[in-house]
Amino acid sequence: MKRKLLYALSFLAGIFILARLTGALSYYKLPSTSNEPNLKLNSKIIGSNLIKPRPMDFAYFKFSDSLDGWTLIKRLVAVPGDKLECKRGVIYVNDKNIDTLLNLRHSYIVANNDARKIIEKFKNDESFQMYQKGADSIVVFLDSDYVANNQLNLKRYIHNNEFSLLSKDIASKRDNWSITDFGPIVLPPKKYFLLGDNRDNSLDSRYRGFVDEENIMGTLIYNF
Numbered sequence: 006m007k008r009k010l011l012y013a014l015s016f017l018a019g020i021f022i023l024a025r026l027t028g029a030l031s032y033y034k035l036p037s038t039s040n041e042p043n044l045k046l047n048s049k050i051i052g053s054n055l056i057k058p059r060p061m062d063f064a065y066f067k068f069s070d071s072l073d074g075w076t077l078i079k080r081l082v083a084v085p086g087d088k089l090e091c092k093r094g095v096i097y098v099n100d101k102n103i104d105t106l107l108n109l110r111h112s113y114i115v116a117n118n119d120a121r122k123i124i125e126k127f128k129n130d131e132s133f134q135m136y137q138k139g140a141d142s143i144v145v146f147l148d149s150d151y152v153a154n155n156q157l158n159l160k161r162y163i164h165n166n167e168f169s170l171l172s173k174d175i176a177s178k179r180d181n182w183s184i185t186d187f188g189p190i191v192l193p194p195k196k197y198f199l200l201g202d203n204r205d206n207s208l209d210s211r212y213r214g215f216v217d218e219e220n221i222m223g224t225l226i227y228n229f
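The sequence shown stops at residue 229 when you use this note's numbering, and every number in between is there.
Right, here's the structure in full:
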């Protein structure tokens with residue numbers, strides 16, 4: 006009985022090792038807040054190269070310049086042939102507002118006095134971020150569902166002067182486009198556009214450009 010159990014465990018271990026070596030199963034730990042609130046800081050994910058990511062799936066990939074070999078995880082937003090546009094920080098794919106489908110994290114500008122309640126609410130949340138903006142305002146990063154459910158009358162902070170940061174894949178089309186206002190563009194063959202759910206704190210295709218099909222490594226299948 007013990008020998009059969011040992012054989013079974015050895016077989017399963019061999020299968021697991023083979024899956025890791027071939028990419029059929031991959032494991033990563035998320036070191037950033039770029040996909041908050043849907044993928045938490047320090048959460049673990051399991052992915053597979055046996056599943057081709059579809060729009061709105063989380064995929065893991067490398068940019069062509071590889072960022073020193075880092076593997077990145079972002080949400081697949083647009084695929085080859087899709088029409089892509091960003092208006093005041095809202096993403097449209099084939100003329101449909103896809104942001105309404107998701108709980109996203111955005112930056113909001115808040116008066117100092119009003120910010121105190123928000124800061125107190127999230128003081129123990131390690132993913133909470135904010136910074137001072139001028140003498141009387143603070144920019145805070147909040148989930149869109151939280152803002153809507155609590156009926157907070159907050160104004161999104163739009164980074165409309167960041168033309169110089171926009172990827173040349175996009176910026177070369179028009180001189181007046183920016184991180185929060187660009188398009189429409191049609192994605193070229195074998196090019197993909199991926200974004201972090203923490204829209205105002207994610208180094209993604211807006212900054213780094215399209216992701217080549219060959220550099221998409223797999224699809225997230227589970228996170229914990």
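Ideal Cβ positions, reconstructed from N, Cα and C, are used throughout, including at glycine.
Taking C-beta to C-beta, are Arg-110 and Asp-186 nearer than 8 Å? no
Contact set for Asp-148: own chain, Cβ-Cβ below 6 Å, skip 5 residues either direction: Pro-42, Asn-108 and Arg-110
Val-145, buried or exposed, once every other Cβ within 10 Å from all chains shown has been counted against 16: buried
Start and end residues, alpha helix (DSSP H) containing Ile-124: 117-126
Within the continuous alpha helix (DSSP H) that includes Ile-143, where are the two ends? Run containing Ile-143: none in the alpha helix (DSSP H); it sits in the beta strand (DSSP E), 142-148.
Who are the Cβ neighbours of Glu-131 in its own chain at under 7 Å, not counting the five residues just before and after it? The beta carbon of Glu-131 sits closer than 7 Å to the beta carbons of Leu-46 from its chain, once the five residues preceding and following it are set aside; these are given in chain order.
N- and C-terminal bounds of the alpha helix (DSSP H) containing Arg-211: 210-213
Can you look up Val-152 in the DSSP assignment and give me helix, strand or coil? Helix at Val-152.
Buried or exposed (CB count within 10 angstroms, at least 16 for buried), Ala-153: exposed
Along the chain, where does the beta strand (DSSP E) containing Lys-92 start, and where does it finish? 88-92
Please state whether the Cβ-Cβ distance between Ala-83 and Leu-192 is less than 8 Å. yes
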